[in-house]
Amino acid sequence: MGDSEFRFTGIYGEPRTELRQKMWDVLHYLHRQDNLSWLCAGDFNEIVRQDEQLGGNVRSASQMERFRECLSFCGLADLGFSGYAYTWNTRREGSDNVQARLDRATCTGSFAQLFPATTVEHVLTEESDHLALLIKVMDTPLAQRLPNSRGFRFEEMWTRHEGYVPMVEQAWEKEDWDDRGLGALWNRLKRVSGSMQSWSREVFGLVQKEIKRLKERLAVAKV
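For the sequence shown, our numbering begins at 102 and goes up steadily by one.
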């Protein structure tokens, strides 16, 4: 991450509905304190949409609206996630079971620009009725940090092959059942680039090695 400076706030939201506005007021206050890039994550004890809850009573629309308004006022956007969709579970059986995405990681636009490769994973724990948030703050993807990793290289000649567009569409449209937000976008881009490279090897062969071989043959022929 280098010398990039940012602010992190860990959240435990007010569990009592009638007092939850106090949590949003605290976030409003923190938002006004400085202009640092901001990562804000934890148990907000609230959802932004009804489809983030499975089972139980229908959530109050005004509750969810106040949460959305708070995030918007603070300039906080959801970082997305990979893993199981619901982070909290009553661990009861049958119709008594309620699950919801109460935990999330959010950030400001400036944070996303500083650390565009940041990922969030929902991790199962034995001790809690919540999944843990594993947040990896990264300015570049982990694969690009490895000493022997090769960066993706796009070849313009691919676009002239009749199989190029169907290959890209198939890779892009593959379902991401467990991914949302930025996590889903990043996984799709990784899948498409990997498909391009595999497809290129099958259709064109190892292009760079072939070019090198032909150059060597040409050099020999000129002698």
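Backbone N, C-alpha and C fix where the C-beta goes; we use that ideal spot for every residue, glycine too.
All of these numbers come straight from a predicted model, not from anything done at the bench.
In whole angstroms, what separates the C-alpha of residue i from that of residue j?
i: Ser301; j: Glu256; result: 9 Å
i: Gln298; j: Ala218; result: 21 Å
i: His132; j: Asn198; result: 36 Å
i: Arg314; j: Val293; result: 28 Å
i: Asn158; j: Ser105; result: 44 Å
i: Ala233; j: Thr207; result: 15 Å
i: Gly181; j: Trp259; result: 32 Å
i: Lys237; j: Leu140; result: 11 Å
i: His129; j: Glu303; result: 54 Å
i: Glu115; j: Gly195; result: 27 Å
i: Thr209; j: Ile112; result: 15 Å
i: Thr118; j: Ser161; result: 10 Å
i: Met268; j: Asn288; result: 16 Å
i: Asp144; j: Asp230; result: 12 Å
i: Gln214; j: Asp240; result: 8 Å
i: Leu203; j: Gln134; result: 26 Å
i: Phe216; j: Thr110; result: 16 Å
i: Asn136; j: Asp126; result: 18 Å
i: Ala349; j: Phe174; result: The displayed coordinates of the chain run from 102 to 324. Any statement about residue 349 would go beyond what the structure contains.
i: Tyr187; j: Gly156; result: 11 Å
i: Glu166; j: Arg150; result: 9 Å
i: Arg318; j: Ile312; result: 10 Å
i: Ser211; j: Gly176; result: 10 Å
i: Asp179; j: Arg205; result: 7 Å
i: Phe107; j: Ala142; result: 13 Å
i: Glu227; j: Val221; result: 19 Å
i: Ser183; j: Ala322; result: 55 Å
i: Tyr185; j: Phe305; result: 39 Å
Determine the burial state of residue i: buried for a count of at least 16 other Cβ atoms within 10 Å of its Cβ, exposed for fewer.
i: His223; result: buried
i: Ile148; result: buried
i: Gly295; result: exposed
i: Leu225; result: exposed
i: Arg193; result: exposed
i: Gln154; result: buried
i: Trp273; result: exposed
With DSSP collapsed to three states, give me the class of residue i.
i: Arg121; result: helix
i: Ser105; result: coil
i: Ala206; result: strand
i: Val224; result: strand
i: Leu232; result: coil
i: Tyr130; result: helix
i: Tyr265; result: helix
i: Ala142; result: strand
i: Ser250; result: Bear in mind that a pLDDT of 49 at Ser250, under 50, signals an unreliable position, so the model cannot answer this.
i: Gly114; result: coil
i: Asn288; result: helix
i: Ser163; result: helix
i: Lys237; result: strand
i: Phe182; result: strand
i: Phe255; result: coil
i: Glu274; result: helix
i: Glu194; result: coil
i: Leu319; result: helix
Who does residue i pair with in a DSSP beta bridge?
i: Cys175; result: In the DSSP output, where bridge partners are listed per residue, Cys175 has none listed.
i: Ser299; result: DSSP lists no partner for Ser299.
i: Ala201; result: Gln154, Trp189
i: Phe305; result: Answer is none; Phe305 lacks a bridge partner.
i: Phe216; result: For Phe216, which the question treats as bridged, DSSP gives no partner whatsoever.
Q: Evaluate the contact criterion for the segment 165-173 versus the segment 259-277: three or more CB pairs, one atom per stretch, below 8 Å.
A: Judged by pairs of C-beta atoms under 8 Å, the segment 165-173 does not touch the segment 259-277, as fewer than three such pairs exist.
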